[in-house]
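Protein sequence lines, in the order shown, are assigned to chains A and B.
Per the numbering used here, the very first residue in the first sequence carries number 395; after that it's consecutive.
Per the numbering used here, the very first residue in the second sequence carries number 5; after that it's consecutive.
First the structure, in the form of structure tokens, and then the observations on it.
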Amino acid sequence: MTRNVSDKRTSDWRDLLKTFLLLELWVGLWVTLKNQFRPHITVEYPKESVELSPRFRGVPRLRFHPESGEELCIACHLCETVCPDDCIHIVSEKKPDGKGKRLVSFEINYERCCFCGLCVDPCPTKPLTAIYMSHDYEMADYRRDPFIAPLKVLLGGVEPKDYKE
Amino acid sequence: MDQAALVQHIVIPAIQILVVVLILPLAISYLQLVERKVLGFMQVRLAPRRVGWHGLLQPIADAVKLLIKEDIIPEKAERFLFTLAPIATVIPALAALAVIPFAGAPFQVFGYSVNPWITDINVGLLYLLAISSLGIYGIILGGWASNSKYSLLGALRSSAQMISYEIPLGFAIIGVMMLSGTASMVEIVKAQKEAGMWFVVPQIAGFFCYFIAAVAETNRIPFDLPEAEAELVAGFHTEYSGMKFAFFFLAEYTNMIVVSSIATILFFGGWLRPFPGVASLDWLENGWLVLGPLALGGFLGWLVDQRSGGGLRFMFAGGVLGLLLGCGAAITDVGGLAGMSLPAVSGAFWFFFKVSIFLFMYIWFRGTYPRYRYDQLMALGWKWLIPLSVVNVIGTGLVMLLRE
Numbered sequence: 395m396t397r398n399v400s401d402k403r404t405s406d407w408r409d410l411l412k413t414f415l416l417l418e419l420w421v422g423l424w425v426t427l428k429n430q431f432r433p434h435i436t437v438e439y440p441k442e443s444v445e446l447s448p449r450f451r452g453v454p455r456l457r458f459h460p461e462s463g464e465e466l467c468i469a470c471h472l473c474e475t476v477c478p479d480d481c482i483h484i485v486s487e488k489k490p491d492g493k494g495k496r497l498v499s500f501e502i503n504y505e506r507c508c509f510c511g512l513c514v515d516p517c518p519t520k521p522l523t524a525i526y527m528s529h530d531y532e533m534a535d536y537r538r539d540p541f542i543a544p545l546k547v548l549l550g551g552v553e554p555k556d557y558k559e
Numbered sequence: 005m006d007q008a009a010l011v012q013h014i015v016i017p018a019i020q021i022l023v024v025v026l027i028l029p030l031a032i033s034y035l036q037l038v039e040r041k042v043l044g045f046m047q048v049r050l051a052p053r054r055v056g057w058h059g060l061l062q063p064i065a066d067a068v069k070l071l072i073k074e075d076i077i078p079e080k081a082e083r084f085l086f087t088l089a090p091i092a093t094v095i096p097a098l099a100a101l102a103v104i105p106f107a108g109a110p111f112q113v114f115g116y117s118v119n120p121w122i123t124d125i126n127v128g129l130l131y132l133l134a135i136s137s138l139g140i141y142g143i144i145l146g147g148w149a150s151n152s153k154y155s156l157l158g159a160l161r162s163s164a165q166m167i168s169y170e171i172p173l174g175f176a177i178i179g180v181m182m183l184s185g186t187a188s189m190v191e192i193v194k195a196q197k198e199a200g201m202w203f204v205v206p207q208i209a210g211f212f213c214y215f216i217a218a219v220a221e222t223n224r225i226p227f228d229l230p231e232a233e234a235e236l237v238a239g240f241h242t243e244y245s246g247m248k249f250a251f252f253f254l255a256e257y258t259n260m261i262v263v264s265s266i267a268t269i270l271f272f273g274g275w276l277r278p279f280p281g282v283a284s285l286d287w288l289e290n291g292w293l294v295l296g297p298l299a300l301g302g303f304l305g306w307l308v309d310q311r312s313g314g315g316l317r318f319m320f321a322g323g324v325l326g327l328l329l330g331c332g333a334a335i336t337d338v339g340g341l342a343g344m345s346l347p348a349v350s351g352a353f354w355f356f357f358k359v360s361i362f363l364f365m366y367i368w369f370r371g372t373y374p375r376y377r378y379d380q381l382m383a384l385g386w387k388w389l390i391p392l393s394v395v396n397v398i399g400t401g402l403v404m405l406l407r408e
């Protein structure tokens, strides 16, 4: 909206008319009356929720290989190293056949996690990163221990749909 | 005193009072729901929808909550006055309803003729002004007895505001009293029928003053300084909870209804149909059979889901459905309704229709305007409304003098 703002503050008869007819008040009333008939933009949250963007960054979780169903994580400790909040804790051991390492436990402390997504960036696994930002976001709880998530919880996240890195 | 007189003068008024006092809380609780709905829709959000169909049981839930809530009296409060204050607020509000005529013609119940008003006194308007001034005492007492600075500030603001705005309110009414030559509410409406027009036509300035002053008298937005939640927590009822708060709440909404009723009666012809002077519009007298379902259908359509962006569509559909139902009832003559001339029902329909428009305007203002600053409030009252209403009285007198 463009508006002509004149520098001289002289009031002519139009300003006077505007004041005495309470023009601005009627404009305000018209705006609220019109808005009544607009579709609502809020939703009844626990019953229904808004659609998340495919790139929404929820709680970081771990995932399996999409085809073979095996664990993707190779226990390289890169996410643990890069994490600015130091909330990832990995325990690994040498594989029995002597090649590479495998996970013993993988814990994320959600009390400290800041959802920055830095752990996803260095993850070297193919075809998908082992750690990813899931679409889980409802994490409220009365106790503290559910916030320290073990491997079992981490593998059960909600994966984002139709978004491929 | 024989039995007939006993019934006519004691039993019937008692029943009338009972009916009004019992229906009023229900009506107010649903008015509150409508208010929340309208405000919600104006703010493009969903209003209460959880309790019952589209939130229709929400008022019941609210009432139960208020009834069973703990009633806290602060330790340092003046106990007696603290308890007295809500009662002193609600009683004048209810008493004001005594002189409001809800319809024009008496109706027959068990052979007794019942007037659709509790009483018709020849000083009705003065009575209303006197009674509505009493309501301030409750607010001041409540604010002072709470022993809290927010309550006290709210009460002080309230007293200053009410005293300032009672003057333009009274002056605005004088114009109508001059035109009709009476202060009885029933006679004022009859005078409008004789004049052939609503008094809002000759008294537009008076109506303007009256309505603004009335919004201020009922402490509603944009004049809700006594309870200004952004500045004074909750104003004079900060310390109140449970039933005592419910009483203040009841009084505020009763006052809204009373003030809207007075505006309807004085300026918009009370129970009269629109254009009471135009004979070709006589069919409007029985129009309630068609217009009633139309209004109700449109209202319900507006109330239901608007998420699909179909607010207006729903409203329109509801209205058309109501219109068809009404026309159907009128044509097929269900229960002989169309053939009967029911002046009491017709009057009540027009009366409540107009009152609900005023009540909607209250809510509309609440959804639109920000609160006045205190000095602006005083400036508006003393510098604009009082001079305007005085000029209106003088002008009305001059015109009446010239036309004689």
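We put the CB at the ideal spot given by N, CA and C, even for glycine.
Just to make sure I have the definition right: I need the residues of chain B whose C-beta is within less than 7 Å of the C-beta of L423 of chain A. Which are they? W368 and T372
For A81 of chain B, which option in B:S150, B:F355 and B:G351 has the closest C-alpha, if you only look at C-alpha atoms? Measuring from the Cα of A81 of chain B, the nearest candidate turns out to be B:S150.
Would L114 of chain B be called buried (16 or more neighbouring beta carbons within 10 Å of its own) or exposed? Sequence inspection shows Phe at residue 114 of chain B; the Leu mentioned does not correspond to that position. It is exposed - the Cβ of F114 of chain B has fewer than 16 other Cβ atoms within 10 Å.
Is it buried or exposed for F240 of chain B, if we count other Cβ within 10 angstroms and need 16 for buried? buried
Just to make sure I have the definition right: I need the residues of chain A whose C-beta is within less than 9 Å of the C-beta of R224 of chain B. Which are they? The contacting residues do not exist; R224 of chain B stays about 15 Å from chain A at best.
If we ignore side chains and look at the alpha-carbon of each, how far apart do W121 of chain B and F106 of chain B end up? Each residue's alpha carbon lies about 6 Å from the other.
Take D530 of chain A and list the residues in its own chain whose beta-carbon comes closer than 6 Å to its own, dropping the five residues that flank it on each side. G452, V453, G551 and V552
Which chain D residues are close to R53 of chain B, counting only those with a beta carbon under 8 Å from its beta carbon? Among the protein chains of the structure shown, namely A and B, there is no chain D.
Do the CB positions of L276 of chain B and V94 of chain B come within less than 8 Å of each other? The answer is no: Cβ separation not under 8 Å.
Secondary structure of N259 of chain B, DSSP reduced to three states: helix
Pull up the DSSP beta-bridge partners for E345 of chain A, would you. Any answer about residue 345 of chain A is impossible in this case: the structure gives chain A only from 395 up to 559.
DSSP three-state label for F175 of chain B, please. helix
Out of B:P110, B:Y131 and B:I76, which one is the CA nearest neighbour of V103 of chain B? B:Y131
Here's a check: name, in chain order, each residue in its chain whose Cβ is nearer than 7 Å to the Cβ of G323 of chain B, leaving out the five neighbours to either side. The answer, listed in chain order, is L298, G301, G302 and G305.
Give me, in chain order, the residues of the same chain whose beta-carbon lies closer than 7 Å to that of I178 of chain B; leave out the 5 immediate sequence neighbours on both sides. Only V397 meet the Cβ criterion.
Return helix, strand or coil for M4 of chain B, following the three-state DSSP convention. The question about residue 4 of chain B has no answer here: the residues shown for chain B are numbered 5 through 408.
At least three beta-carbon pairs within less than 8 Å, the stretch 433-448 of chain A to the stretch 460-468 of chain A: Judged by Cβ distances under 8 Å, the stretch 433-448 of chain A makes no contact with the stretch 460-468 of chain A, as fewer than three pairs qualify.
Nearest-angstrom Cα separation, counted from L70 of chain B out to I144 of chain B: 23 Å
For my contact list, T268 of chain B and K358 of chain B are in at a C-beta cut-off of 8 Å; report their separation, rounded to the angstrom. 4 Å
Using a Cβ-Cβ cut-off of 7 Å (strictly less than) and excluding sequence neighbours within five positions of S168 of chain B, which residues of its own chain qualify? M382, G385 and W386
In this structure, how does DSSP classify K489 of chain A when only helix, strand and coil are distinguished? coil
Taking only beta-carbon atoms, is T426 of chain A less than 8 Å away from chain B? So yes, T426 of chain A belongs to the interface.
Taking 8 Å as the cut-off, does the stretch 157-177 of chain B touch the stretch 210-219 of chain B (at least 3 CB pairs, one atom from each stretch)? yes
When the Cα of W202 of chain B is compared with those of B:W148, B:A234, B:F272 and B:G330, which residue comes out closest? B:F272
Within 8 Å (strictly less), CB to CB, does I435 of chain A reach chain B? yes
K41 of chain B in three-state terms, based on DSSP: Per DSSP, reduced to three states, the secondary structure at K41 of chain B is helical.
For Q196 of chain B versus P96 of chain B, is the C-beta distance shorter than 8 Å? no
Contact check, R457 of chain A vs L522 of chain A under 8 Å by CB: the rounded distance? 7 Å
Check for me: the beta strand (DSSP E) holding P454 of chain A runs from which residue to which? P454 to L456
Going residue by residue through the stretch 420-458 of chain A, where are the continuous beta strand (DSSP E) segments of at least 3 residues, counting only ones entirely within it? Listed in chain order, the beta strand (DSSP E) elements of length 3 or more contained wholly in the stretch 420-458 of chain A are 454-456.
Close Cβ partners of Q3 of chain B (< 7 Å) along its chain, the five nearest in sequence each way excluded: Chain B is shown only over 5 to 408; residue 3 of chain B falls outside these bounds and no answer can be derived.
Sorted by chain position, which residues of the same chain lie with C-beta nearer than 7 Å to A187 of chain B's C-beta, five sequence neighbours on each side aside? N126, V127, G128, L129, L130 and M181, listed in sequence order.
Using three-state DSSP, classify A232 of chain B as helix, strand or coil. coil
By how many angstroms is the C-alpha of P448 of chain A removed from the C-alpha of D224 of chain B? The identity of residue 224 of chain B in the sequence shown is Arg, whereas the question assumes Asp. The alpha-carbon atoms of R224 of chain B and P448 of chain A are separated by roughly 46 Å.
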